[in-house]
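Encoded as structure tokens, the structure appears first; notes follow it.
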Amino acid sequence: MPGVIPLNNKKISRIVQTQVGIIGAGPAGLLLSHVLHLHGIESVVLEKHSKDYVESRVRAGVLEQASVTLLSEVGLGERLQREGMQHHGFEIRFGNRSHRINFDELTDGKGITVYGQQEVVKDIIAARLTAGGQISFEVDKVSIHDQLSEEPFIEYLLAGENHKLNCDFIIGCDGFHGVSRKTIPEDVISSFDQSYPFAWLGVLVQAAPSSEELIYSNSATGFALHSMRSRTVTRNYIQCPLDDVIEDWSNDRIWQELHTRLETVPDWALTEGEILEKSITPMRSFVCETMRHGRLFLAGDAAHIVPPTGAKGMNLAISDVRFLGQALSAWYQNGSDDLLNSYSANCLRRVWRGERFSWYMTSLLHKFPDDNQFQRRLQQAELYYLSDSKAASVALAENYVGFNF
Ligand code: RFL
Ligand code: PHB
């Protein structure tokens, strides 16, 4: 509603009304808005970046079976089924050895699908816009108010005008650096944080994959991962020092390291191609307990992050959304707040399992600069145990493909 209404010394030009106000148009915020729509619940998504930016941001690539099933059940499976690549295993290389984790043998018929996160994001944005959903891109100065009351609201700046969004619930899906988690007073949350002494340099390449499956390599000079996005685009990662910047990594140096770290077994060669994008990501484990403060709920990276080695981040975001969609729909349908009350505990059980696995994969596969010889021998012993013991491989495989909801 246009008109200028002074509020908290701020001139509010527009008041917007919805049932659920969602901050952040990553996989968590967008999927929640879509799921709520299917339950007949209205929402508005506020995103600080442009549509082009969020649709082209290169991030995750691996979807667990349960994530694929959920996306398909909510009508987002069409392109995913067509273009997503179903994988039946992946390879771990260490020393000059190779060990295949064979999902068909080691899990109860599950696998993973390789489908870029930005494709998931594009699919959900298209579905929301087709259904008349409201996503406001390029909002600024988002702030959360009165979440302990029954009338919480969000203020933000859009196209130079101050807006106020009145809603029943506010959902913080604004990632690790967003504003939502910071709105919860420090004395009501416990944070668990672990950083790692290295980062990942991610490299997107115009080249056909050199392998049918992902290759995780623990090499003498550090970790590398060969992954893919399609039959013509690969995604590679190189462990690098924490304080490296992109300028430290010329294309020649990237190829040299990838060849050295990945070509550790006979008769296998990495195909080079044009480098389309490169970026450096620090590695971190983080969990915020609780994921709720009154009528503010956190979902996805806003509440927890994992190092990408276990490929769990986007999957945990999807799992939170599933719990929250059910909880909000029970509240709107029959006024029950049981599921809202158990939301945080239900999510956190899955989150901690993902945290443990991501930490395990990170510890198993990286070269830790400060490790002594004893710790290096333990890591070697773990890798040999994995390749010699079916039980160890089963444990890894079932965590990698993920658990049913
Ligand atoms: P996102 O995707 O960070 O989205 C948050 C959105 O909120 C917006 N935002 C704000 N909007 C309004 N106001 C503010 N104040 C705001 N502050 C932030 C941001 O612009 C953004 O659009 O969080 P979400 O939705 O929780 O999704 C989480 C996933 O993005 C993340 O966990 C995964 O990308 C992690 N991850 C992987 N996960 C997997 O499941 N499988 C993988 O294979 C995998 N590989 C990866 C990964 C993450 C990586 N990086 C770059 C961290 C590989 C890498 C390299
Ligand atoms: C990716 O393809 O981006 C990817 C795959 C597996 C990981 C992390 C990232 O563990």
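At the far end of the sequence shown sits residue 1134, using our numbering, and the numbering has no gaps.
Cβ coordinates follow ideal geometry from the N, Cα and C atoms, glycine included.
From a predicted model like this one, the values you see are computed outputs, not experimental measurements.
Taken through DSSP and simplified to helix, strand or coil, residue 957 comes out as strand. For residue 900, the closest alpha carbon among the candidates 856, 867 and 1030 is that of 1030. Residue 928 is bridged by DSSP to 969 and 1011. Between residue 1043 and residue 756, the C-beta spacing is below 8 angstroms. Not one heavy atom of the ligand PHB lies closer than 7 angstroms to the C-beta of residue 1010. Following the DSSP letters along the chain, one finds residue 749 in no alpha helix (DSSP H) but inside the beta strand (DSSP E) bounded by residues 749-752. Short of 6 angstroms from the beta carbon of residue 792, and not among the five residues preceding or following it, lie these beta carbons of its own chain, in chain order: 842 and 844. Going by DSSP, residue 1050 is part of the alpha helix (DSSP H) stretching over 1042-1063. DSSP, read as helix, strand or coil, puts residue 865 in strand. Minimum Cα-Cα distance from residue 760 among the listed residues 1028, 913 and 833 corresponds to 1028. Of the candidates 876, 818, 809 and 816, 809 places its Cα closest to the Cα of residue 847. Rounded to the nearest whole angstrom, the C-alpha separation of residue 915 and residue 1074 is 19 angstroms.
Residue 1088 has its alpha-carbon roughly 15 angstroms from the corresponding atom of residue 1104. Within the same chain, 787 and 933 come within 7 angstroms of residue 1006 by CB-CB distance, once the 5 residues on both sides are set aside.
In the structure shown, the three-state DSSP call for residue 1133 is coil. Relative to the ligand PHB, the beta carbon of residue 1040 is positioned inside 7 angstroms of a heavy atom. Under the three-state reduction of DSSP, residue 1020 is assigned to coil, being neither helix nor strand. Minimum Cα-Cα distance from residue 1100 among the listed residues 959, 1015 and 951 corresponds to 951.
Collapsing the DSSP output to three states places residue 988 in a helix.
Taken through DSSP and simplified to helix, strand or coil, residue 1035 comes out as coil.
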